[in-house]
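Chains A and B, in that order, are what the protein sequence lines are.
Taken in order, the first sequence gives residues 1 to 418; the numbers are from UniProt numbering.
Taken in order, the second sequence gives residues 1 to 418; the numbers are from UniProt numbering.
2 protein chains.
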Amino acid sequence: MDAKTTRRGLLKGGIAAGAGLLAGTTAAKAAGDPAITEMQPWNQMLGDGVDANPYGKPSHYEAHVKRRSVEWLTADPVSSVNFTPLHELDGIITPNGLAFERHHGGIADVDPAKHRLMINGLVDKPLVFTMQDIMRFPRENRVYFLECAANSGMEWRGAQLNGCQFTHGMIHNVMYTGVPLRYILEEAGVKTNGKWIMPEGADASGMTRSIPIEKALDDCLVAFKMNGEALRPEQGYPLRLVVPGWEGNMWVKWLRRIEVGDQPWHHREETSKYTDLMENGKARRFTWEMDCKSVITNPSPQAPILHTKGHTVLTGVAWSGRGTIPRVDVTLDGGKNWHQARMDGPSLDKSMHRFYFEFDWDGSPLLLQSRAHDSTGYVQPTKAQLREIRGVNSIYHNNAIQTWYVNEKGIAENVEIS
Amino acid sequence: MDAKTTRRGLLKGGIAAGAGLLAGTTAAKAAGDPAITEMQPWNQMLGDGVDANPYGKPSHYEAHVKRRSVEWLTADPVSSVNFTPLHELDGIITPNGLAFERHHGGIADVDPAKHRLMINGLVDKPLVFTMQDIMRFPRENRVYFLECAANSGMEWRGAQLNGCQFTHGMIHNVMYTGVPLRYILEEAGVKTNGKWIMPEGADASGMTRSIPIEKALDDCLVAFKMNGEALRPEQGYPLRLVVPGWEGNMWVKWLRRIEVGDQPWHHREETSKYTDLMENGKARRFTWEMDCKSVITNPSPQAPILHTKGHTVLTGVAWSGRGTIPRVDVTLDGGKNWHQARMDGPSLDKSMHRFYFEFDWDGSPLLLQSRAHDSTGYVQPTKAQLREIRGVNSIYHNNAIQTWYVNEKGIAENVEIS
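Right, here's the structure in full:
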């Protein structure tokens, strides 16, 4: 491959041509840099062996990379929701230690040897499975995003939280290993009048939701692993339901029972909560699918631009509960000009996608937005468009375009412009 | 979708038809099971909140899932290699905390603010980059396996280590985020006589290897993230070279310098080590690519079959430094009969692949083997075939078929039959 050709390809991809040195200092200049001229401790000393951490941890220099809560957001003495630090991540996999969580009765500490999954209701043969039983069914591996219906919920009425971790961090994206739910339901035999299922959690909140049988028999998984290892306790260890593309609350954690019925149950978490109150006082029902959405993660309020001007990498994530993300547009000037972003990494159904836009920053203020398109042709709406249809009474299902203002110093903040 | 049709599809996929109940106990029988009839502590008590673990950890019930060392394998006072617990994992992503590591001077504890990457040698303009400079280049996201050349090295002369963690655990598979090395080399400008690069690590061992310029300009990455978050210290934090499909030792960790030269350096780790001594006393040179290989992870010596007979899930992983894995064959009887395994999960270039074979175990002893085919048409060899060509003097590049013997109780052990 000819290096020059590749470089030209890169320039076409978004970096302004003729901008000269992309980054770095010539070695002659660097001769005065003690990081180059002096030996560092790690060059000279034998480091730790491998025995200290049979289960490894991040570097102590990465202590700032963590899930965070918003103190005023939950009334409990302990927080019941935290947020993924999207601005510190790249690619599309959320590491398990940083995957946000939301619970309604605390993190259940379940003994897998005593955990059971019961299938009952409108089935030919009610069944009870141990974890070992579940491991005897055929398994599948799929990468899916899980987004809380209330993600970006505080932003319905205006720019509120200053950081994409808080505005958009109720999402994670991992590879699940699990048994297709249809295999388990088929084992019990769903009766012809069995039209709905109700998964139930083993935690103190006894979370329940109603899911139509079509979805249950389509792509739902009874999952026991995430990113290769056992589910984390806060993600439902040892068993959770995976409901691809649908709101996170339905992905019942610590899954202990699935009842088959002939109609939806209309339980608490699908009536007084997780429904969208409209302007006319009525609530939308069955708003399960998470619409196409995106956010710029860098730069963002927690992640300023750290140089004065020149080559700058803008990046973010996009997803849709209805398919893949073939395209994301980015604007630097609040929507006057849109540029097609570069998608990178695997494009998987109902998974997070990563986009980049490399540009030559002139050091003047920016109004950044991203706008995702999904594989059905749907385009992410502005806040104004969304409010026009839905009003501002809901805290759920805000998939509107997010705006960051970046000042001359590279500092970003959450603003609203439409 | 008709449940019955799906079930029949499943049966065709490997499970013997007519075997009746796949797993589970009828609810009537389970009525005597206290795990069903009694309330469990986690059903009744508010669990922990989210604040306790801003960076999450596995359940305490998973404490056995960890990297392990082999005491006699390294002479250091502290071990210099540990192994991925493949038998505890599923899917294709290795979680960062469980990714094996091998080092030659301990785990360097590098301060990213003081870390530099220098490009020198046969370039137009020697350059020095800070971590912030690196972050201004365009990035890519790719899932790759990294396998140590010595993986399965103890097995050349016979069945030695009792568990796939030890025989095959010097491999991991993660999503990297990094800058294509060609962008960085192009910035410095490789001279026309620049035909090789020598990456160098910042740890006390100062690891160096020679890599031809064609590979450097093709798919190598200067990576700073794995599975979304910063590289782990033992994986080269803050910067490592990614050399897709090639032996792990070349993926220099704590990457601080890349020299461009006109010939290979023939340094220590590519002459006295990481070369294959043949029967005639000569050593193979430039054995970079990791050949196609596979192993059954369950059942295996550390992971017995836990039921007496009936439906059983066999699973394992396969990979090739030359492409993808379209097919894996499995035998239950030491090679008399081969069955095509079911591949599942994303099939990505130079990445680990997951395979399954579901079968109805009659409770008699098994001789398990897997045999991978890669996208070039190459087929994984038997140990006899490999020894015929390479002899038994090397500890590197053993990609032969592995055999596990499983007795009537489901206990597996490492044996050799060919």
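Glycine is no exception: its CB is placed at the ideal position from the N, C-alpha and C atoms.
Proximal residues to residue 264 of chain A (C-beta, below 6 Å), its chain only, five neighbours per side dropped = Non-local C-beta neighbours of residue 264 of chain A in its own chain, meaning closer than 6 Å and more than five positions away in sequence, comprise 196 and 210, ordered along the chain.
Can the beta-carbon of residue 231 of chain B be found less than 7 Å from the beta-carbon of residue 255 of chain B?
-> No, the Cβ-Cβ distance between residue 231 of chain B and residue 255 of chain B is not below 7 Å.
Would you say the region 317-332 of chain A touches the region 359-375 of chain A, given that touching needs at least three Cβ pairs under 8 Å?
-> Contact holds between the region 317-332 of chain A and the region 359-375 of chain A, because three or more Cβ pairs, one in each stretch, are under 8 Å apart.
For residue 394 of chain B and residue 277 of chain B, believed in contact at Cβ under 8 Å, the rounded distance | That belief holds up - the Cβ atoms of residue 277 of chain B and residue 394 of chain B are roughly 5 Å apart, short of 8 Å.
Sub-7 Å separation of residue 304 of chain A and residue 412 of chain A beta-carbons | At the C-beta level, residue 304 of chain A and residue 412 of chain A come within 7 Å of one another.
Cβ shell of residue 332 of chain B (< 6 Å), same chain only, five flanking positions each side left out = Once the five neighbours on either side are set aside, the close Cβ partners of residue 332 of chain B are 366.
Given that a residue counts as buried once 16 or more other Cβ atoms are within 10 Å of its Cβ, and exposed if not, what is residue 103 of chain B?
-> It counts as buried.
Nearest-angstrom Cα distance between residue 212 of chain B and residue 224 of chain A?
-> Going by the C-alpha atoms only, they are around 43 Å apart.
Do you know how far the Cα of residue 390 of chain B is from the Cα of residue 21 of chain A?
-> Any reading at residue 21 of chain A must be qualified, since the residue scores a pLDDT of 47, below 50, and its modelled position is unreliable; no value is offered.
Other residues of its chain near residue 37 of chain B: CB distance less than 8 Å, five sequence neighbours each side excluded | Once the five neighbours on either side are set aside, the close Cβ partners of residue 37 of chain B are 31.
Contact between the region 259-274 of chain B and the region 153-173 of chain B (3+ Cβ pairs under 8 Å) | No, they do not touch.
C-beta neighbour in chain A for residue 326 of chain B, strict 7 Å = Interface criterion not met: the Cβ of residue 326 of chain B is under 7 Å from no Cβ in chain A.
So, do the region 139-152 of chain A and the region 167-183 of chain A have three or more beta carbon pairs nearer to each other than 8 Å?
-> For the pair of segments examined, the region 139-152 of chain A was found to touch the region 167-183 of chain A: the number of CB pairs separated by less than 8 Å reaches three.
Beta carbon of residue 414 of chain A nearer than 7 Å to that of residue 152 of chain A = The criterion of a C-beta distance shorter than 7 Å is not satisfied by residue 414 of chain A and residue 152 of chain A.
How about residue 362 of chain B: is its C-beta nearer than 7 Å to some C-beta of chain A?
-> Closer than 7 Å to the CB of residue 362 of chain B there is not a single CB belonging to chain A.
Can you give the beta carbon distance from residue 355 of chain A to residue 318 of chain A, rounded, assuming they're within the 8 Å contact cut?
-> 6 Å between Cβ atoms; contact.
For residue 176 of chain A, which of helix, strand or coil comes out of DSSP?
-> The answer is strand: DSSP assigns residue 176 of chain A an E or B state.
Residues from the region 200-211 of chain B in contact with chain A, defined by Cβ distance under 8 Å = Those would be 202, 203, 204 and 206, in chain order.
Counting along the chain, where does the beta strand (DSSP E) carrying residue 40 of chain A start and finish?
-> In the DSSP assignment, residue 40 of chain A falls outside any beta strand (DSSP E), carrying neither H nor E.
Kindly list the residues whose CB is nearer than 7 Å to the CB of residue 490 of chain A, restricted to its own chain and excluding five residues on each side of it in sequence; keep chain order.
-> Because chain A is modelled from 1 through 418, residue 490 of chain A falls outside the range shown and cannot be assessed.
Using a Cβ-Cβ cut-off of less than 7 Å, give me the residues of the region 151-179 of chain B that come near chain A, in sequence order.
-> Hits within the stretch, in order: 175 and 177.
How about residue 84 of chain A and residue 169 of chain A: are their beta carbons less than 7 Å apart?
-> The answer is yes: Cβ separation under 7 Å.
Residues that DSSP places opposite residue 359 of chain A in a beta bridge | According to DSSP, residue pairing for residue 359 of chain A in a beta bridge involves A:312.
Taking only runs of the beta strand (DSSP E) that begin and end inside the region 212-265 of chain B, which ones reach a length of at least 3 residues, in chain order?
-> DSSP runs (the beta strand (DSSP E)) wholly in the region 212-265 of chain B: 221-226, 240-242 and 255-261.
For residue 107 of chain A, collect the residues of the same chain with a Cβ closer than 6 Å to its Cβ; drop the 5 residues on either side in sequence, then sort them by chain order.
-> Answer for residue 107 of chain A: 233 and 234, listed in chain order.
Sequence-distant residues of its chain with Cβ nearer than 6 Å to residue 205 of chain B (five each side left out) = Cβ neighbours of residue 205 of chain B within its own chain (closer than 6 Å, five residues either side excluded): 104 and 105.
Could you tell me which residues DSSP pairs with residue 370 of chain B in its beta bridges?
-> Residue 370 of chain B pairs with B:330.
Using the beta-carbon of each residue, which ones in chain A are nearer than 7 Å to residue 267 of chain B?
-> Neighbours of residue 267 of chain B on chain A: none; closest Cβ ~17 Å, over 7 Å.
Nearest to residue 410 of chain A (by Cα), restricted to the options A:182, A:220 and A:300 | Residue A:300 is the option with its Cα nearest to residue 410 of chain A.
Which stretch, first to last residue, makes up the beta strand (DSSP E) that contains residue 119 of chain B?
-> Its beta strand (DSSP E) spans residues 116-121.
Which residues in chain A sit within 7 Å of residue 237 of chain B, going by Cβ to Cβ distance?
-> For the C-beta of residue 237 of chain B, the chain A residues within less than 7 Å are, from N- to C-terminus, 59.
So which of B:380, B:66 and B:128 has the shortest CA-CA distance to residue 259 of chain B?
-> The candidate whose alpha carbon is nearest that of residue 259 of chain B is B:128.
Ignore the nearest five residues each way along the sequence and tell me which others in residue 274 of chain B's own chain have a CB closer than 6 Å to its CB.
-> Contacts found: 149 and 249.
Reducing DSSP to helix, strand and coil, say where residue 405 of chain A ends up.
-> Looking at residue 405 of chain A - three-state DSSP - the assignment turns out to be strand.
Kindly indicate which residue of A:60, A:80 and A:59 has the alpha-carbon position closest to the one of residue 69 of chain A.
-> Nearest option by C-alpha distance: A:80.
Is the Cβ of residue 253 of chain B closer than 7 Å to any Cβ of chain A?
-> Judged by the 7 Å Cβ criterion, residue 253 of chain B is not in contact with chain A.
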